[in-house]
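Sequence positions in the sequence shown follow mature numbering (1 follows the signal peptide of the UniProt record, and there is no 0) and run -21 to -1, 1 to 584.
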Amino acid sequence: MQAFSIIFGASVLLCVTYASADSVRLAYVTTADGEYEVSFSDAGSMREMQGEVDWTATLKFENTVNLTGWAALELETNDRYSDEVQAYSAGFLEGFTTADVIYMHWYNTMNGFCEGRTETCRSVQDHLDKNRDWVDQMVVDYGDHQPYWHQASVGAVKLIYRQLDGLHAGYKRAKGNTSQMLSYNDLLWLNIQGDLEDLMEALDTSPGVKLPLVLRGRKGASCSALIKLLDDSSDLYTGQDTWSSLQSMLRVLKKYNFGFRRLGDQNFTVPGRSVSFSSYPGTILSNDDFYITSAGLVTQETTIGNSNASLWSHVKPVGQVLEFARVLVANRLGHCGRSWSKIFSLYNSGTYNNQWMIVDYNRFKPGTKRSQLKDNLLWVLEQIPGYIKLANALVVLGSTAEDGEIEVRISAADKTDVLRNQSYWPSYNAAYFPEVFNLSGVPVLVEKYGDWFTYDRTPRARIFRRDHVKVRDIQSMMSLMRYSDYQHDNLSRCDECTPKQNAENIIACRSDLNPANGTYPFQSLGHRSHVATDSKVTGSSLVLNLQFWAVSGPPHGGSTPVFDWSTSDFGDSTPHLGHPVRWEFPPLLQRWETNNVVDHTVTGR
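Here is the structure:
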């Protein structure tokens, strides 16, 4: 990889321009008589390759994980072909070309997932099979005249699952009958990891009273996010940290450019034709989640979870679409915060329950006074089983309309007023809306464990409140998102813990550094394989080119050491095939070769 660095003070941001030839794979797929064939090209670029052959999809893959902490994948389909051919070709090409790293990521994160809970896994698979049957029927009934179901089939969403079909077929072509062969369901489960833990909880029939996932450290705090307007209103930054397990750190920056039509109409491509996102090998979505779409939207979330066991009864195989598919449909069809939220709200599965933030950069003009920010710049949505909170409306979802539509009541309000009033919107795994906060069972946890479970007094809320004023440019925004100095921050203190300073109570966590012999009131505050695995930041000019700064690996600096597999006590017990040994990478800006800029004519604004 050849690159140059932009230096801000003592920090370095790496601007990636191109990779050396030996780390780049250019490939394309062709189809004839229902058969698909992948070929590799020695062309100098994707555009050169596209000019030389007839193709249904082309791909550029740079495996630079050991140099930057990221691989990069750029995938484009040919809109001269049908949507289904495009979707299958995209999956086939990615599955074939990246099969080696797909297996590594699956082995690291999913191998042995069902050990000790076989019966629950069987219940989950039965749920998924029934859900697939229901959605197949919905596609048959409504796919020709409703955009939502044109984007749906085989389990949740037509083109999404068609892409997954292709992904598995391409992987199978690459791996054949080797020991690394994975089933279709292996790849499906890899893609639905966000939904999966909630499905496991909802369908678990084992006896005994179970503690909420957050107390067991299974699905506790997961991600920090910030939307920050600069003091002079010269820019609006959107950033997110993924919090996850150490074995999940095999990462890929992706950009998809698919020529899908809204209803198969050659003249009307979907608003979110192009999308860039942080991702993983073998997943066709972010799962972090962090996206930039060609409709000018940045969509991201932090997990709020569900601690009210009675709500799991709302999770059903019929009448619902898994969250991972609803996100992709909303990213493709949504052209503003309101429309994205309405689309996402349909067929709530009650799984992977998050606070979603939708930033519409079409509504932001640099230099606009804070008090004059346009309405609908920021929409916020919160989901729990059976309910979705959209601005000022609590939506109870049920399939009541005869034509298969969902009866949804939503408000036109948004949360731009928070940006006007305080210049920032923070998100840190706590529900903002009181109805969602109360329904999800959090008050019981507040009563028992105190401020850690509150919305406005939890450590990260207080740190964001104190430190958002330090953001003055893209570098200081990234610095805040990477902030990990828990040892010297009084707001990271846990009085019930030994030691008192806790690495979970910080913007970018390092729970691997909490001592294994410490004492903690619940497991989420303990020593575990749980860290901020990345940070991503974008702004108004970057969004135009679907770009964002990204840094991979746990935070380090000052008293926080660099994560190194050779010295970590998780090194022997945690699979990490394909990982760099030492995670000491600067932020980088990926420059996409196929530069599909935000098209304001598509969004109609």
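Just so you know, even glycine gets a beta-carbon here, dropped at the ideal spot from N, CA and C.
Keep in mind the model is a prediction, meaning the values are calculated, not measured.
Check, Outcome
"Inspect the beta-carbon positions of G261 and L169 and report whether they are closer than 7 Å.", "yes"
"Identify whether G145 lies in helix, strand or coil by the three-state DSSP scheme.", "helix"
"Pull the bridge partners of R4 from the DSSP assignment, please.", "F40"
"To which residues of the same chain is A391 closer than 6 Å at the C-beta, ignoring the five residues directly before and after it?", "Annotation note: pLDDT 31 at A391 (below 50); position unreliable, coordinate value reported separately. Result list for A391: empty, nothing under 6 Å."
"Tell me the rounded alpha-carbon separation between A181 and A50.", "35 Å"
"From T498, W291 and G30, pick the residue whose C-alpha is nearest to that of M179; which is it?", "W291"
"Ignore the nearest five residues each way along the sequence and tell me which others in R311's own chain have a CB closer than 7 Å to its CB.", "Q130, F239, V249 and G251"
"Between G365 and L166, what straight-line distance do the alpha-carbon atoms span, to the nearest angstrom?", "27 Å"
"So, S419 versus N246, is the Cβ gap smaller than 7 Å?", "no"
"Cutting at 6 Å between CB atoms, please list the residues of its own chain near W431, excluding the five before and the five after it.", "T437"
"Between D452, C202 and D548, which lies nearest to L208 when the distance is taken from Cα to Cα?", "D452"
"Contact between the region 343 to 359 and the region 221 to 230 is defined here as three or more beta-carbon pairs at a separation below 8 Å; is this criterion met?", "no"
"Just checking S520 against the ligand ADP - is the residue's beta carbon closer than 6 Å to any of the ligand's heavy atoms?", "The model on display carries no ligand, and the ligand ADP is accordingly not part of it."
"Could you round the C-beta distance between A69 and S257 to whole angstroms and report it? I think they count as a contact, below 8 Å.", "That pair is no contact at about 18 Å."
"To the nearest angstrom, how far is the alpha carbon of S162 from that of N110?", "19 Å"
"Kindly provide the ranges of any alpha helix (DSSP H) runs that are 4 or more residues long and lie completely inside the region 404 to 456, ordered along the chain.", "413 to 418, 421 to 428 and 438 to 446"
"Leaving out five residues before and five after R141 in sequence, what residues of the same chain have Cβ atoms less than 6 Å from its Cβ?", "E63, A66 and Y67"
"Determine which residues share a DSSP beta bridge with D513 and list them.", "T221 and S531"
"Return the chain-ordered list of same chain residues with a C-beta closer than 6 Å to the C-beta of A204, the five sequence neighbours on each side being excluded.", "Q219, Q279, T281 and S406"
"Taking the DSSP output, what are the residues bridged to E280?", "W335"
"Quick check: R461 and S514, are their CB atoms within less than 7 Å of each other?", "yes"
"Ordered along the chain, which non-local residues of its own chain (more than five positions away) have a Cβ less than 6 Å from that of V297?", "W113"
"Could you give the distance in angstroms between the alpha-carbon of Q466 and the alpha-carbon of I263?", "38 Å"
"Please report the residue range of the alpha helix (DSSP H) in which T76 lies.", "D62 to T76"
"Could you check what DSSP says for K353 in three-state terms: helix, strand or coil?", "coil"
"Under three-state DSSP, which class holds G316?", "helix"
"DSSP three-state label for D551, please.", "coil"
"Looking only at C-alpha atoms, which of A78, S213, S102 and N400 sits nearest to residue 591?", "Since the displayed the chain opens at -21 and closes at 584, residue 591 lies outside it and no answer follows."
"Give the secondary structure of A50 by DSSP, where H, G and I count as helix, E and B as strand, and everything else as coil.", "strand"
"Determine the extent of the beta strand (DSSP E) in which E14 is found, giving its start and end residues.", "E14 to S20"
"Using the rule of at least 16 other Cβ atoms within 10 Å of the residue's Cβ for burial, across every protein chain shown, is Y403 buried or exposed?", "buried"
"For V277, which of C476, D268 and D58 has the nearest alpha-carbon?", "D268"
"Can you tell me which of the three DSSP states residue 610 falls into?", "The chain is shown from -21 up to 584; residue 610 falls before or after that span and cannot be answered."
"Pick from V516, V541 and P559: whose alpha carbon is nearest that of L567?", "V516"
"Tell me, please, which residues DSSP counts as bridged to N327.", "V300"
"Quick check: what's the CA-CA separation for F323 versus Y270?", "14 Å"
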